[in-house]
Amino acid sequence: MIILNETIIIDEAIQADWLKWMGSIYIPGVMSTGYFSGHRVLTVLNSPNEGITYCLQFETDSIDKYHEYQQGIGVKIRAAHQKQFENSFVLFETIMQQVN
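Residue 666 in the working numbering is what sits at position 61 of the sequence shown, and the numbering runs on without skipping anything.
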């Protein structure tokens with residue numbers, strides 16, 4: 606299993622709006638692409654950063670599906686997130702593979 610992990614540090618002032626938008630727009634948009642079979646939303650309890658840190662994890666069964674998503678519809682989905690919350694977050698991605 607391949608996991609796309611998006612770590613996002615948000616300003617505290619946008620937390621409620623960000624969580625609502627993620628739950629109603631972003632996550633359903635990602636999942637509706639058909640590239641991912643599951644997802645998780647986690648908060649980082651021991652983050653050294655200012656703001657609130659979340660991790661969004663999306664599961665897929667192949668690295669090829671991840672690449673197709675990233676180079677295709679993923680560009681539009683990420684752009685919508687950027688436009689909605691411009692200058693209010695920092696995001697970085699990690700690609701992981703489940704070991705057992």
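Beta carbons: idealized from backbone N, C-alpha and C, even for Gly.
Keep in mind the model is a prediction, meaning the values are calculated, not measured.
>> Taking the straight line between their C-alpha atoms, what separation do you get for glutamate 664 and lysine 670?
In response: For the purposes of this step, residue 664 is taken as the residue at position 59 of the sequence shown. For the purposes of this step, residue 670 is taken as the residue at position 65 of the sequence shown. Their Cα atoms are separated by approximately 10 Å.
> For isoleucine 615, which option in Ser642, Asn654, Ser629 has the closest C-alpha, if you only look at C-alpha atoms?
Replying inline: Here the question's residue 615 lines up with position 10 in the sequence shown. Minimum Cα-Cα distance from isoleucine 615 among the listed residues Ser642, Asn654, Ser629 corresponds to Asn654.
> Thinking just about the alpha-carbon of each residue, which of Glu611, Ile608, Ala618 is nearest to the one in asparagine 692?
Replying inline: Along the sequence shown, read from residue 1 onward, the residue named residue 692 stands at position 87. Put simply, of Glu611, Ile608, Ala618 the residue whose alpha carbon is nearest the alpha carbon of asparagine 692 is Ala618.
> Considering only the beta carbon of each residue, do isoleucine 607 and glutamine 702 sit closer than 7 Å?
Replying inline: If you number the sequence shown from 1, residue 607 lands on position 2. If you number the sequence shown from 1, residue 702 lands on position 97. In this structure, the beta-carbon distance from isoleucine 607 to glutamine 702 falls below 7 Å.
> Is the CB-CB distance between isoleucine 630 and leucine 696 below 7 Å?
Replying inline: As a position in the sequence shown, residue 630 is number 25, starting the count at 1. As a position in the sequence shown, residue 696 is number 91, starting the count at 1. Not in contact: isoleucine 630 and leucine 696 (Cβ atoms no closer than 7 Å).
> Residues in its own chain within less than 7 Å of tyrosine 674 by CB, not counting five upstream and five downstream?
Replying inline: Walking along the sequence shown from the start, residue 674 turns up at place 69. So the list reads Thr638, Tyr640, once near-sequence residues are dropped.
>> Does the beta-carbon of tyrosine 631, which I'm using as the reference point, lie nearer than 6 Å to any heavy atom of the ligand SAM?
In response: Absence of the ligand SAM from the depicted structure is noted, as is the absence of any ligand whatsoever, leaving it without description.
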